[in-house]
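Asks:
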Amino acid sequence: YSIFVAVDPATKIEYIMMLIKPSAAQHADLDQLLADQQNPSSPNYHQWLTPEQYGDRFGLTTSDHSKIVAWLAAEGFTVNESGRGRNWVAFTGTAAQVSKTLHTSIHRFQVDGKIRYANVDDPAVPEALGDVVGGFLGLNNIPSKSNARKGPPLPSNPDYSATNNTFHLMAPDDFSTIYDVAPLAQAGMDGTGQSIAVVGQSDVSLSDLRAFKTQFKLPANDPKMILYGGSDPGFNGAELEGDLDLEWTGAMAPKATIYYVYGADAFSAAITAISSNLASVLSISYGSCEVDDAAAAFRSIFQQGNAQGMTILASSGDAGPAGCDAQISEPLATLGRTVDFPAVLPEVTGVGGTMFSEGTGTYWSNSNSSTFGSALSYIPETAWNETSPVNSLFTGGGGVSAIYPRPAWQNAPGMPNDNFRHVPDIALSAAFHDGYFIYQGGLTYVAGTSCGTPSMAGVVALLNQYQVSKSFQKTPGLGNINPQLYRTAQSAPTAFHDITTGNTNVPCAQGSPDCTTGTIGYTAGPGYDMATGLGSIDANNLVTQWNAQVNSVKVTLTASGTKGTLNDAVTLTAIVV
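In this text, residue positions in the sequence shown follow my numbering: the first is 1493, and each later residue adds one.
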């Protein structure tokens, strides 16, 4: 970034979020609750909290919350809003007030050719708040990176699949055929009674969303638009991401209620969606570097979402193993092996990328159905990697966390022998090779891990609907699905397509971290791998086998002691296998 001068002291900095972190005791209690909520043997299994219940147990006391609000007001800030879980406060003030109170100045920067502002130093708070404040959002207006890229101009007849195996475009019915969503739709699973929240940082045109549904013969169902916090961001470069995410969540779950929560920053929008407990599924197609200070402050917010029964999905990024490098625009990785936030959080299902590998097989019809589908069956997949001098870094994100230990549930054949969280968890098609149709002023197509994420969010909504329809649960909401994903991969392997070929290798700059051979990356192989996770899904098998018994349990009791009277003590030893 190129640094310019400090902003005018009177510059308004809108909707700054102060995030509150749980105490050590609250954190331990929260970890136990989240484990219990996913343990079928626990009385807390799937017993979700409301935001207010979360606040009473894991947020600030009402007295301490009032003191923080009073302190901000005394410093001259306007307090805009507080989280229902009493774990964040949003406020607005001038650059001068920020500098005086948080001890950081706001400067102008040139970022990707545009002038932005950001804080120069880490913000600081009074010592009395040091153990309470987890971090701040909104001290800069640098947009979070989205994980979608628009394709080159369409062929002259974009509704018709090519007859060779070099280029196709994927309509919703193609995805449904390839990933076996179609049987669920035929069984009446259409998202009825379900809700999905999508976050964004641009306005979207309802006319585009409606045109997509008309084009692919989907039922009319406009999203509910929710502008959070500060100023309307207007139409900007993130409109592409908004269109993609809304069109494809609705394509997989056409009758679900979809909320579009948007504003200046997608992560702040995610906080709003969680605090409002808007939906049982949250789709995030934005990312940042795992080691960013703000990223670390988020974890308890996403834990709140899980505790409320929310399943959170996020794209794993499009720069492969170089999560902190700029995808699409950088020709070489320079920052070493890193991963994307929030996909790396244990509370989030990270969605990576695959690419169809048709070979000489016949997997596409040379004519379209009435809904423009042409895929004939599942298509073999390889790890997605379209990195090239033209595309720069453009492959599925994944790797090893530098911060988070491996959760107890992240076990599968192929897992490395270490104690760290690994991503992605699953992967779906992400390549230009078979790009996803969207509508934005006309038909176009996109690629990136942003494509599989909203599509998977729609599948999770169908999973919720199935669970309720079969009386496996009374209300929608599965919380963190990762524990059951990894169990299912071992107990019902037909729910996944194991991807065993390809890699996410990208060129790296000589002398940069981890760059010893000129490339860094991960290779797909049997079982789990950091190129494609557990693999892609067979949606019908995943949903219908979700409640399959995972491990049989055998209990053997042995007694020790000599023959005696009824009141004699006997030692019993239980061996559980």
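Every residue, glycine too, gets a C-beta built ideally from N, C-alpha and C.
Just so it is clear, the structure is predicted and the values come from calculations on it, not from any experiment.
Do you know offhand how far A1498's Cα is from T1586's?
Replies: Computed Cα separation, rounded: 13 Å.
Asks: Would you grab the beta carbon distance between I1776 and L1805 for me? Rounded to a whole angstrom, and I think it's under 8 Å.
Replies: Confirmed, about 7 Å.
Asks: If we call anything under 8 Å between Cβ atoms a contact, is S1697 one with A1748?
Replies: No, these two residues do not count as a Cβ contact at 8 Å.
Asks: May I ask which residues mark the beginning and end of the alpha helix (DSSP H) holding D1521?
Replies: Its alpha helix (DSSP H) spans residues A1516 to Q1529.
Asks: Would a C-beta distance cut-off of 8 Å place Q1529 and H1538 closer than the cut-off?
Replies: A contact, by the Cβ cut-off of 8 Å.
Asks: Please state if the CB of I1991 and the CB of A2016 are separated by a distance shorter than 8 Å.
Replies: Closer than 8 Å, so yes.
Asks: Check whether the stretch 1888-1907 touches the stretch 1605-1617, taking contact to mean three or more Cβ pairs, one atom from each stretch, closer than 8 Å.
Replies: No: fewer than three Cβ pairs fall under 8 Å.
Asks: Less than 8 Å separating the beta-carbons of V1843 and T1941?
Replies: Contact flag set, yes.
Asks: Within the continuous alpha helix (DSSP H) that includes G1950, where are the two ends?
Replies: Where G1950 is concerned, the enclosing alpha helix (DSSP H) stretches over T1941 to S1961.
Asks: With distances taken from CA atoms, which of R1979, Q1602, S1699 and G1734 is nearest N1633?
Replies: Residue Q1602 is the option with its Cα nearest to N1633.
Asks: Just tell me which of A1663, A1640, I1750 and Q1707 has its CA closest to the CA of D1684.
Replies: According to the sequence displayed, residue 1684 carries Thr and not Asp. Measuring from the Cα of T1684, the nearest candidate turns out to be I1750.
Asks: State the Cα-Cα distance for the pair C1943 and P1618, rounded to the nearest angstrom.
Replies: In a straight line, the C-alpha of C1943 is about 43 Å away from that of P1618.
Asks: Which of the three DSSP states, helix, strand or coil, is assigned to D1757?
Replies: DSSP places D1757 in coil when its eight states are reduced to three.
Asks: Which residues mark the beginning and the end of the beta strand (DSSP E) in which R1913 is found?
Replies: Counting along the chain, the beta strand (DSSP E) containing R1913 begins and ends at F1912 to V1915.
Asks: From the DSSP output, in three-state form, read off E1733 for me.
Replies: It is helical.
Asks: For S1694 versus Y1754, is the C-beta spacing smaller than 8 Å?
Replies: Yes, Cβ-Cβ distance for S1694 and Y1754 is below 8 Å.
Asks: Under 8 Å between the Cβ atoms of V1929 and A1663?
Replies: A small correction: the amino acid at residue 1929 is Phe; Val does not occupy that position in the sequence shown. Yes, these two residues count as a Cβ contact at 8 Å.
Asks: By alpha-carbon positions, which one of F1583, V1952, S1880 and A1582 ends up nearest to A1923?
Replies: Measuring from the Cα of A1923, the nearest candidate turns out to be S1880.
Asks: In this structure, does DSSP put W1580 in helix, strand or coil?
Replies: Strand at W1580.
Asks: Hey, quick one: how far does the alpha helix (DSSP H) through E1544 stretch, first residue to last?
Replies: Counting along the chain, the alpha helix (DSSP H) containing E1544 begins and ends at P1543 to F1550.
Asks: L1738 and L1701 - do their beta-carbons sit closer together than 8 Å?
Replies: Result yes, Cβ atoms of L1701 and L1738 sit closer than 8 Å.
Asks: At the level of alpha carbons, what is the spacing between S1597 and P1501?
Replies: Computed Cα separation, rounded: 9 Å.
Asks: Do you know how far the Cα of G1626 is from the Cα of I1512?
Replies: Spanning the two alpha carbons is a distance of roughly 5 Å.
Asks: Considering only DSSP beta bridges, list what C2000 is partnered with.
Replies: In the DSSP output, where bridge partners are listed per residue, C2000 has A1825.
Asks: Taking the beta carbon of M1744 as the centre, do at least 16 other beta carbons fall within 10 Å, making it buried, or is it exposed?
Replies: So M1744 counts as buried.
Asks: Under a three-way DSSP split, which group does V2042 fall into?
Replies: Reliability fails at V2042, whose pLDDT of 48 lies under 50, so the model's placement of it is uncertain and no value is given.
Asks: If you compare alpha carbons, which of S1859, G1551, Y1507 and K1637 is closest to F1833?
Replies: Of S1859, G1551, Y1507 and K1637, the residue nearest in Cα terms is K1637.
Asks: Check whether the Cβ atoms of G1950 and G1801 sit closer than 8 Å, and answer yes or no.
Replies: Not closer than 8 Å, so no.
Asks: Quick check: the Cα distance between A1811 and D1926, rounded to an integer number of angstroms?
Replies: For A1811 and D1926, the distance between alpha carbons rounds to 19 Å.
Asks: Which partner residues of R1600 appear in the DSSP bridge assignment?
Replies: R1600 is bridged to Y1609.
Asks: Which one of A1527, A1517 and G1721 has the shortest CA to CA distance from D1623?
Replies: Comparing Cα-Cα distances from D1623 to each of A1527, A1517 and G1721, the minimum goes to A1517.
Asks: Which residue's Cα is closest to the Cα of E1850: A1835, P1872 and T1863?
Replies: Here the closest residue by C-alpha is P1872.
Asks: On the CB-based measure, 16 or more other CB atoms within 10 Å of its CB, does V1831 come out buried or exposed?
Replies: Classification of V1831: buried, given that the 10 Å Cβ count is 16 or more.
Asks: Please give me, in chain order, every unbroken run of the alpha helix (DSSP H) with length at least 4 that falls completely inside the stretch 1672-1713.
Replies: If we require 4 residues or more, the alpha helix (DSSP H) runs fully inside the stretch 1672-1713 come out as 1674-1678 and 1698-1707.
Asks: May I ask you to report which of helix, strand or coil DSSP gives I1505?
Replies: Looking at I1505 - three-state DSSP - the assignment turns out to be strand.
Asks: What distance in whole Å lies between the Cβ atoms of T1996 and T1863, which are believed to be in contact at a cut-off of 8 Å?
Replies: About 33 Å separates the two Cβ atoms, so there is no contact after all.
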